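Okay, so here's the structure we're looking at.
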Amino acid sequence: MKAPERLLEEFADAIHTAEEVSGFERVATRVAEQLGFRWFAYLDVASGKPAIISSYPRSWTRRYAEYDYQRLDPVIRRASRENKLFDWGGTAPDRTANQAERHFFDEARTFGIKAGLTVPIRGGFGRTVAFTLAVDERSRSIEHPGQDLLEVIQLIAFYFHAHLSARRGGYLQRSNPDILTQRERQCLAWSAQGKTMTDIAVLVGISSRTVSFHLENARTKLGASSIAQCVAEALRRGLLS
Amino acid sequence: MHAVAIESHQFGENVDLLTRMYQLRRRIFHDRLEWDVSVSNDMELDVFDTLSPSYLAVLSDRKEVLGCVRLLPTTGPTMLGDVFASLLAGAPMPRDRRILESSRFCVDTQRLADTSTGGLSRATFMLFAAMIEYLRRTESCSIVTVTDVRMERILRRAGWPLQRIAPPRPLGRTMALAGYLHCNDSAFSALCRQADISSPVLGIPMESEQA
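If you read the protein sequences in the order shown, they are chains A and B.
Per full-length UniProt numbering: the first sequence = residues 1 to 241.
Per full-length UniProt numbering: the second sequence = residues 1 to 211.
Here it is, written out as structure tokens:
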């Protein structure tokens with residue numbers, strides 16, 4: 001493995017060129033693996049539905065979103081409380097966990113997620129964001145990581161968050177008016193006209209599942225917590241005209 | 001005590017230094033001045049840190065960060081143009097290859113207050129001198145900055161006066177204003193004399209310890 005400092009440098013270069021969420025996901029996935037982890041996950045607990053960007057199995061993140069697991073997830077609850085990087089899911093049984101939390105971890109394990117390190121980030125205005133690097137059964141142990149590694153992980157988490165916020169805040173968007181694909185714009189424009197997913201599916205000639213896919217992508221890209229907010233944001237930025 | 005410049009392509013080899021700088025910024029801007037900035041662990045970092053800024057830092061002989069400042073080109077997004085445009089009071093935002101914007105200027109008052117030998121003002125003067133030297137090095141002519149009247153007073157006393165763009169306005173708990181700091185040879189000499197240093201002020205960033 002390359003020195004963590006070297007990986008941070010490569011990461012900092014690569015994250016600069018990340019444009020859309022998929023780009024951010026690729027860059028973080030790569031650095032997580034290079035650092036010896038299996039997955040990364042970035043969870044923004046804004047109001048309502050959290051935005052998740054991660055390399056976790058899709059079946060797990062879908063389930064997580066569907067059942068509002070962020071309310072139960074002990075890692076997120078801890079991230080909202082604490083300020084320092086912490087590890088979770090180690091070998092020692094957590095005696096403070098209640099039954100629902102234990103069940104949550106058991107379920108995560110069925111997707112292979114065994115343990116991890118999480119960096120809590122406080123955005124302004126009381127917002128909490130958690131950046132996690134996680135391992136599975138086959139990953140090397142992450143117990144007692146070195147101070148160097150922890151510092152690098154901390155910076156990676158913070159850079160990831162800052163870059164993503166910069167993209168979403170529009171500071172960098174002037175160079176990037178094409179943040180939404182044509183399909184995403186099309187679906188959002190119909191949505192702005194008050195059309196339902198089923199309507200849009202008929203109007204655009206795609207399945208309503210695909211409509212939902214495009215709207216969801218647009219929502220994530222614009223950092224909105226609902227489709228309604230996403231429409232408002234797209235209009236504000238003049239993306240639908 | 002010495003000053004260094006860190007460019008974005010050197011971030012990887014200066015993780016320690018960056019970490020300490022972001023830690024100092026958290027202590028100053030979040031803990032003491034109570035700005036609503038994003039923090040994680042013991043660090044502070046914002047979207048402008050993602051725009052490949054240059055940093056200047058004053059380091060102690062034990063390599064603690066005693067002070068630092070962030071510099072960004074005014075041709076891209078700026079704090080004055082994008083966040084504090086009201087301080088321009090209608091004046092156009094300068095967008096010039098030879099004008100840099102400085103932000104997050106801070107000095108570790110806590111650590112330096114303990115040293116009896118005027119360490120605080122010395123670190124402040126050294127950081128000012130480093131800013132002028134950096135302007136020269138990059139063939140820039142001026143810095144534009146958002147600051148407050150307290151800092152304006154410190155600059156005037158140091159012999160490097162701020163040229164106001166508009167009158168100060170209340171912002172949070174301070175009176176904030178925007179202004180220019182020009183590349184100025186006599187100010188540079190005065191600052192070097194007061195900080196008891198000679199040109200060049202800027203050294204290379206610390207070498208990696210384990211190298």
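Every residue gets a Cβ at the ideal spot worked out from N, C-alpha and C, and that includes glycine.
Predicted, not measured: the structure shown is a model, and the values here were computed from it.
Whole-Å CB distance - residue 10/B paired with residue 205/B, under 8 angstroms assumed: 6 angstroms
Segment limits, alpha helix (DSSP H) that includes residue 116/A: Element bounds for residue 116/A: not the alpha helix (DSSP H) but the beta strand (DSSP E), 115 to 122.
Any chance the stretch 43 to 57 of chain B sits against the stretch 11 to 24 of chain B, with 3 or more Cβ pairs inside 8 angstroms? yes
Give the range of the beta strand (DSSP E) segment to which residue 179/B is assigned. In the DSSP assignment, residue 179/B falls within the unbroken beta strand (DSSP E) covering 174 to 182.
Which residue wins for smallest C-alpha separation from residue 161/B, given the options 149/B, 30/B, 79/B, 101/B? Selected option, being the one with the closest Cα: 149/B.
In the structure shown, what three-state DSSP assignment does residue 86/A receive? strand
Short of 6 angstroms in beta carbon distance, which residues of its chain neighbour residue 157/A, apart from the five on each side in sequence? Order them along the chain. Closer than 6 angstroms at Cβ, skipping near neighbours: 119, 131.
Within 8 angstroms, strictly: CB atoms of residue 177/B and residue 87/B: yes
Range of the contiguous alpha helix (DSSP H) that encloses residue 73/B: Careful: residue 73/B lies outside any alpha helix (DSSP H), inside the beta strand (DSSP E) at 65 to 73.
I'd like to check one pair, residue 152/A with residue 4/A: are the Cβ atoms closer than 8 angstroms? yes
Got a sec? Which residues, its chain only, sit under 6 angstroms from residue 230/A by beta carbon, not counting five neighbours each side? Residues 218, 219, 222, 224 of the same chain have their beta carbon placed closer than 6 angstroms to that of residue 230/A, with the five preceding and five following residues left out of the count.
Decide yes or no for the touch test of the stretch 27 to 38 of chain A against the stretch 21 to 41 of chain B: beta carbon pairs closer than 8 angstroms, at least 3 of them. no
Who are the Cβ neighbours of residue 9/A in its own chain at under 8 angstroms, not counting the five residues just before and after it? none
Residues in its own chain within less than 8 angstroms of residue 72/A by CB, not counting five upstream and five downstream? 100, 101, 104
Measuring only the C-alpha atoms, how far is residue 68/B from residue 23/B? 11 angstroms
Along the alpha helix (DSSP H) that carries residue 131/A, what are the first and last residues, could you check? No alpha helix (DSSP H) holds residue 131/A; the beta strand (DSSP E) holding it covers 128 to 135.
Between the C-alpha atoms of residue 82/B and residue 72/B, what's the straight-line distance to the nearest angstrom? 13 angstroms
Kindly indicate which residue of 155/A, 165/A, 233/A, 108/A has the alpha-carbon position closest to the one of residue 74/A. 108/A
The stretch 140 to 154 of chain A: positions lying closer than 7 angstroms to chain B by Cβ: 151, 152, 154
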